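Asker: Chains as they are written, first to last, in the numbering used here: chain A, 1 to 258; chain B, 259 to 436.
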Amino acid sequence: MKRFFQKTCIVLLSGLLALSVWQCEMGASADVAPGATGVGGSMARFAITDNTLYIVTRQSLDVYDISSPSEPVRKGKAELGLGIETIFPYQKNLFVGANDGMYIFDNRQPQSPVLLSKYTHVMSCDPVVVQGTYAYVTLRGGVGCRMWQPQSTLDVVDVSNPSSPRMLNSQQLLSPYGLGVDGNKLFVCEGDKGLKVFDISSPTVPIQIQFLTEVPAYDVIPYRNTLIVTGNKGLYQYRYDGTQTGTSLELLSKIPVE
Amino acid sequence: MKLSVYTLLMALSITACNTTFDETPPGPQFDGTAYRPVYATSQEIKNIQSLPARALKKPGKIYLLGSFLFINEMGAGVHIINNSDPKNPENLAFVSIPANYDIAVKGNWLYADNGTDLVVFDISNPREVRLARRIEKAIPLNKYPPFQNTYFECVDDTKGVVVSWEKVTVSARPSCYR
Chain A
1 MKRFFQKTCI
11 VLLSGLLALS
21 VWQCEMGASA
31 DVAPGATGVG
41 GSMARFAITD
51 NTLYIVTRQS
61 LDVYDISSPS
71 EPVRKGKAEL
81 GLGIETIFPY
91 QKNLFVGAND
101 GMYIFDNRQP
111 QSPVLLSKYT
121 HVMSCDPVVV
131 QGTYAYVTLR
141 GGVGCRMWQP
151 QSTLDVVDVS
161 NPSSPRMLNS
171 QQLLSPYGLG
181 VDGNKLFVCE
191 GDKGLKVFDI
201 SSPTVPIQIQ
211 FLTEVPAYDV
221 IPYRNTLIVT
231 GNKGLYQYRY
241 DGTQTGTSLE
251 LLSKIPVE
Chain B
259 MKLSVYTLLM
269 ALSITACNTT
279 FDETPPGPQF
289 DGTAYRPVYA
299 TSQEIKNIQS
309 LPARALKKPG
319 KIYLLGSFLF
329 INEMGAGVHI
339 INNSDPKNPE
349 NLAFVSIPAN
359 YDIAVKGNWL
369 YADNGTDLVV
379 FDISNPREVR
389 LARRIEKAIP
399 LNKYPPFQNT
409 YFECVDDTKG
419 VVVSWEKVTV
429 SARPSCYR
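1. Between the alpha carbons of Tyr-90 of chain A and Asn-184 of chain A, how many angstroms are there, rounded?
2. Could you give the C-beta distance for Asn-341 of chain B and Phe-326 of chain B, rounded to a whole number, given that I count them as a contact under 8 Å?
3. Kindly say whether Ala-313 of chain B, judged by its beta-carbon, lies nearer than 8 Å to any beta-carbon of chain A.
4. Mapping the DSSP letters down to three states, classify Asp-371 of chain B as helix, strand or coil.
5. Cα separation between Asp-414 of chain B and Glu-424 of chain B?
6. Do you know offhand how far Gly-305 of chain B's Cα is from Met-43 of chain A's?
7. What residues in its chain sit with their C-beta under 6 Å from that of Ile-355 of chain B, if we drop five residues either side in the sequence?
8. Rounded to whole angstroms, what's the CA-CA distance from Val-156 of chain A to Glu-302 of chain B? Just pull it up for me.
9. If you drop the 5 nearest sequence neighbours on each side, which residues of the same chain put their C-beta closer than 8 Å to that of Ser-175 of chain A?
10. Bridge partners for Glu-71 of chain A per DSSP, in chain order?
11. With a threshold of 8 Å on Cβ separation, who are the neighbours of Arg-146 of chain A within its own chain once the five nearest residues in sequence on each side are excluded?
12. Less than 8 Å between the beta carbons of Pro-384 of chain B and Ile-338 of chain B, yes or no?
13. Is the beta carbon of Tyr-240 of chain A sitting closer than 8 Å to the one on Leu-252 of chain A?
14. Do you know how far the Cα of Lys-92 of chain A is from the Cα of Asp-289 of chain B?
15. Taking 8 Å as the cut-off, decide whether the C-beta atoms of Gly-38 of chain A and Ala-47 of chain A are in contact.
16. Three or more C-beta pairs closer than 8 Å, one from the stretch 63-71 of chain A and one from the stretch 99-108 of chain A: is that the case here?
17. Please list the residues of the stretch 334-350 of chain B that have a C-beta atom closer than 9 Å to any C-beta atom in chain A, keeping them in chain order.
18. For Lys-364 of chain B, report the span of its beta strand (DSSP E) as first-last.
19. What residues from chain B crowd round Val-39 of chain A, counting only those whose CB sits closer than 9 Å?
20. How many angstroms separate the CA atom of Tyr-119 of chain A from the CA atom of Phe-95 of chain A?
21. Do you know how far the Cα of Gly-324 of chain B is from the Cα of Gln-406 of chain B?
22. Alpha carbon to alpha carbon, what distance is there between Val-229 of chain A and Leu-186 of chain A?
23. So, Asn-400 of chain B versus Arg-58 of chain A, is the Cβ gap smaller than 8 Å?
24. Within 10 angstroms of the Cβ of Lys-345 of chain B, are there 16 or more other Cβ atoms? Answer buried if so, exposed if not.
25. What is the rounded straight-line gap between the Cα of Gly-132 of chain A and the Cα of Asp-343 of chain B?
26. What is the DSSP secondary structure of Lys-417 of chain B, counted as helix, strand or coil?
27. Near Asn-169 of chain A, which residues of its chain fall below 8 Å by C-beta distance, leaving aside the five closest residues on each side in sequence?
28. Where are the beta strand (DSSP E) runs, 3 residues long or more, that stay fully inside the stretch 176-209 of chain A, in chain order?
29. Just how far apart, CA to CA, sit Phe-328 of chain B and Tyr-321 of chain B?
30. Check whether the Cβ atoms of Thr-72 of chain A and Ile-393 of chain B sit closer than 8 Å, and answer yes or no.
31. What in chain B is Cβ-close to Lys-223 of chain A, meaning under 7 Å?
32. Taking Cβ to Cβ, would you say Val-387 of chain B is nearer than 8 Å to Ser-308 of chain B?
33. Check the Cβ-Cβ distances between Phe-46 of chain A and every residue of chain D, and say whether any is below 8 Å.
34. Would you mind stating whether Leu-235 of chain A and Ala-217 of chain A have Cβ atoms separated by less than 8 Å?
35. Check each candidate in B:Ala-311, B:Tyr-359 and B:Val-363 and name the one with the smallest Cα separation from Ser-422 of chain B.
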């Protein structure tokens, strides 16, 4: 009987490999200006757009009116499946990442978001960042089906039609957490394994150009040529160039842990 | 017919994977470590304080607003950093918020989770942060650590509320994992 299930897991794995249906969570992006509301990292459960505070709990999207900032008023709640992890507002959409898929909401009415699509998959995932019509998704191998190698990937997803996201490219990662994108640079946290920099001059084909193995990385915010990296050795800041190719990170400062 | 057998196999395997592997444990690879819950009473968890700057220990999520950088100290609160010169970030202050993992900022207002409560702070003076509002039971508490592919000691509600998680060496594989 065990063998039967092992076989069926393999069938499942190969079927899904063939289908290549791995799209999931959405995280943060660099072109949200830290004006009045600022910008969070890609692992955020809290997000603010203008007068609206969004909180994803493990099973719902909660909406608060913060027109009067010290008096949040709950406006609504969308019950979602279990395992909600991240939220990322991008232009007219909210991207909510969950362990079993990605929810995309139409956000033109900020306090009554409308669910456009749910993209499901079998593996557990990490956040995504969006730039233009492309989403960059890191997917971490899950524990659900251990016959399955805990494979982690970086996927490029076409989100030009948020009602039907489409995977364009996929490559292997080690142990991804947060990520960030700005211009032609994509930054991917590999947890204790380090921080990776990809060139995305060709947006659908990220090419790894740097791997800082000595910088444990949990989440990043790239903003105006400064990359902020948080991880279990501390907070690192780097200068980057999102317009030139062939440039590498330059360390600006470090706040170590004690 | 072939197709329907295949579909049946797929359907079976989806339900089967989690439960039937008694020769290989279904959880992540066990490396001798696990996360252990740190408990507090419901009184202790509401003990919020505006404190002098302190060193980073377990930095978590980050939030940037203008020249201010906010760094979550996992399960413990928020570091406020003056980051107007990223070459010389200045650690200004710490807001002690038990069981805090998430933050967002608008203008002079900091929004944070404090266990199951949503709290709002006036941060116009980062060194004297003032609790402006508490919305109780706004956020259901997760009974697992903020990491995946890891083992953890199962939460025991009789011991209090979980404020944070510490990574410890354990001899036996705990039964909880995610």
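All C-beta atoms, glycine included, are put in the ideal place defined by N, C-alpha and C.
No experiment lies behind these values; they were computed from the predicted model shown.
Answerer: In short, the structure shows the following:
1. In the first sequence, counting from the first residue as 1, residue 90 of chain A sits at position 90. In the first sequence, counting from the first residue as 1, residue 184 of chain A sits at position 184. Each residue's alpha carbon lies about 18 Å from the other.
2. Start at 1 with the first residue of the second sequence, and residue 341 of chain B comes out as number 83. Start at 1 with the first residue of the second sequence, and residue 326 of chain B comes out as number 68. 7 Å between Cβ atoms; contact.
3. Locating residue 313 of chain B in the second sequence gives position 55, where the first residue counts as 1. Answer yes: the Cβ-Cβ gap between Ala-313 of chain B and chain A drops below 8 Å somewhere.
4. Residue mapping note: residue 371 of chain B aligns to position 113 of the second sequence, counting from 1. Collapsing the DSSP output to three states places Asp-371 of chain B in a strand.
5. What you label residue 414 of chain B is simply residue 156 of the second sequence in a count that begins at 1. What you label residue 424 of chain B is simply residue 166 of the second sequence in a count that begins at 1. Those two C-alpha atoms are separated by around 15 Å.
6. Along the second sequence, read from residue 1 onward, the residue named residue 305 of chain B stands at position 47. Along the first sequence, read from residue 1 onward, the residue named residue 43 of chain A stands at position 43. According to the sequence shown, residue 305 of chain B is Asn rather than Gly. Note on geometry: alpha-carbon atoms of Asn-305 of chain B and Met-43 of chain A lie some 26 Å from one another.
7. Taking the second sequence and counting its residues from 1, one reaches residue 355 of chain B at position 97. Shown here for Ile-355 of chain B: same chain residues with a beta carbon closer than 6 Å to its own, the five before and five after excluded, namely Ile-306, Gly-335, Ala-370 and Asn-372 in chain order.
8. In the first sequence, the residue the question calls residue 156 of chain A occupies position 156. In the second sequence, the residue the question calls residue 302 of chain B occupies position 44. About 45 Å.
9. Here residue 175 of chain A is taken as the residue at index 175 of the first sequence, counted from 1. Closer than 8 Å at the Cβ level, and outside the excluded window around Ser-175 of chain A, lie Arg-140, Ser-152, Glu-190, Gly-191, Asp-192 and Lys-193.
10. Your numbering for residue 71 of chain A matches position 71 in the first sequence. Note: Glu-71 of chain A sits in no beta bridge, so no partner.
11. Numbered from its first residue, the first sequence carries residue 146 of chain A at position 146. Caution applies to Arg-146 of chain A, whose pLDDT of 31 falls short of 50 and renders its modelled position unreliable; the value that the coordinates give is listed next. Hits under 8 Å: none found.
12. Along the second sequence, read from residue 1 onward, the residue named residue 384 of chain B stands at position 126. Along the second sequence, read from residue 1 onward, the residue named residue 338 of chain B stands at position 80. For Pro-384 of chain B and Ile-338 of chain B, yes; Cβs fall inside 8 Å.
13. Translated into the one-based positions of the first sequence, residue 240 of chain A becomes position 240. Translated into the one-based positions of the first sequence, residue 252 of chain A becomes position 252. Going by beta carbons, Tyr-240 of chain A and Leu-252 of chain A fall outside the 8 Å limit.
14. Looking up residue 289 of chain B in the second sequence gives position 31. Looking up residue 92 of chain A in the first sequence gives position 92. Between Asp-289 of chain B and Lys-92 of chain A, the C-alpha separation is close to 44 Å.
15. Residue numbering aside, residue 38 of chain A sits at position 38 when the first sequence is read from its first letter. Residue numbering aside, residue 47 of chain A sits at position 47 when the first sequence is read from its first letter. Gly-38 of chain A is not a Cβ neighbour of Ala-47 of chain A, given a cutoff of 8 Å.
16. Contact fails: fewer than three Cβ-Cβ distances are below 8 Å.
17. Within the stretch 334-350 of chain B, His-337, Ile-339, Asn-341, Asp-343, Pro-344, Lys-345, Asn-346, Pro-347 and Asn-349 place their CB atoms closer than 9 Å to a CB of chain A, listed in sequence order.
18. Counted from its first residue, the second sequence places residue 364 of chain B at position 106. Looking at the DSSP string, the run of the beta strand (DSSP E) that includes Lys-364 of chain B is 361-364.
19. Mapped onto the first sequence, residue 39 of chain A falls at position 39. What Val-39 of chain A touches in chain B: Tyr-321, Leu-322 and Leu-323.
20. Against the first sequence, residue 119 of chain A aligns to sequence position 119. Against the first sequence, residue 95 of chain A aligns to sequence position 95. When rounded, the distance between both Cα atoms is 11 Å.
21. Position 148 of the second sequence, counted from the start, is the residue given in the question as residue 406 of chain B. Position 66 of the second sequence, counted from the start, is the residue given in the question as residue 324 of chain B. Cα to Cα, the separation comes out at about 32 Å.
22. In the first sequence, residue 186 of chain A corresponds to position 186, counting from 1. In the first sequence, residue 229 of chain A corresponds to position 229, counting from 1. Rounded to whole angstroms, Leu-186 of chain A and Val-229 of chain A show a C-alpha spacing of 13 Å.
23. As a first step, residue 400 of chain B is located in the second sequence; it is residue number 142 there, counting from the start. As a first step, residue 58 of chain A is located in the first sequence; it is residue number 58 there, counting from the start. The criterion of a C-beta distance shorter than 8 Å is satisfied by Asn-400 of chain B and Arg-58 of chain A.
24. Here residue 345 of chain B refers to the residue found at position 87 of the second sequence. Around the C-beta of Lys-345 of chain B, fewer than 16 other C-beta atoms lie within 10 Å, and the residue is accordingly described as exposed.
25. To locate residue 132 of chain A, count along the first sequence from 1; it is residue 132. To locate residue 343 of chain B, count along the second sequence from 1; it is residue 85. So the two alpha carbons sit approximately 29 Å from each other.
26. Reading the second sequence from its first residue, position 159 is the one you call residue 417 of chain B. Of the three classes helix, strand and coil, the one that applies to Lys-417 of chain B here is helix, per DSSP.
27. Numbered from 1 along the first sequence, position 169 holds the residue referred to as residue 169 of chain A. Excluding sequence neighbours, Asn-169 of chain A sits near Asp-155, Val-156, Thr-204, Val-205 and Pro-206.
28. The stretch 176-209 of chain A is shown to contain whole beta strand (DSSP E) runs of 3 or more residues at 179-182, 185-189 and 195-199, in chain order.
29. On the second sequence, residue 328 of chain B is found 70 positions in, with the first residue counted as 1. On the second sequence, residue 321 of chain B is found 63 positions in, with the first residue counted as 1. In this structure, the CA atom of Phe-328 of chain B is about 5 Å from the CA atom of Tyr-321 of chain B.
30. Translated into the one-based positions of the first sequence, residue 72 of chain A becomes position 72. Translated into the one-based positions of the second sequence, residue 393 of chain B becomes position 135. It is Pro, not Thr, that sits at residue 72 of chain A in the sequence shown. In this structure, Pro-72 of chain A places its C-beta atom within 8 Å of the C-beta atom of Ile-393 of chain B.
31. Mapped onto the first sequence, residue 223 of chain A falls at position 223. Looking at the sequence provided, one finds Tyr at residue 223 of chain A rather than Lys. Those are Leu-322, listed as they occur along chain B.
32. The count along the second sequence starts at 1 and reaches residue 387 of chain B at position 129. The count along the second sequence starts at 1 and reaches residue 308 of chain B at position 50. Ser-308 of chain B sits close to Val-387 of chain B, with the two beta carbons spaced by under 8 Å.
33. Going by chain labels, chain D is absent from the structure shown, which instead holds the protein chains A and B.
34. Locating residue 235 of chain A in the first sequence gives position 235, counting from the first residue. Locating residue 217 of chain A in the first sequence gives position 217, counting from the first residue. At least 8 Å separates the beta-carbon of Leu-235 of chain A from that of Ala-217 of chain A.
35. Position 164 of the second sequence holds residue 422 of chain B. If you compare the alpha carbons of B:Ala-311, B:Tyr-359 and B:Val-363 with that of Ser-422 of chain B, the shortest gap goes to B:Tyr-359.
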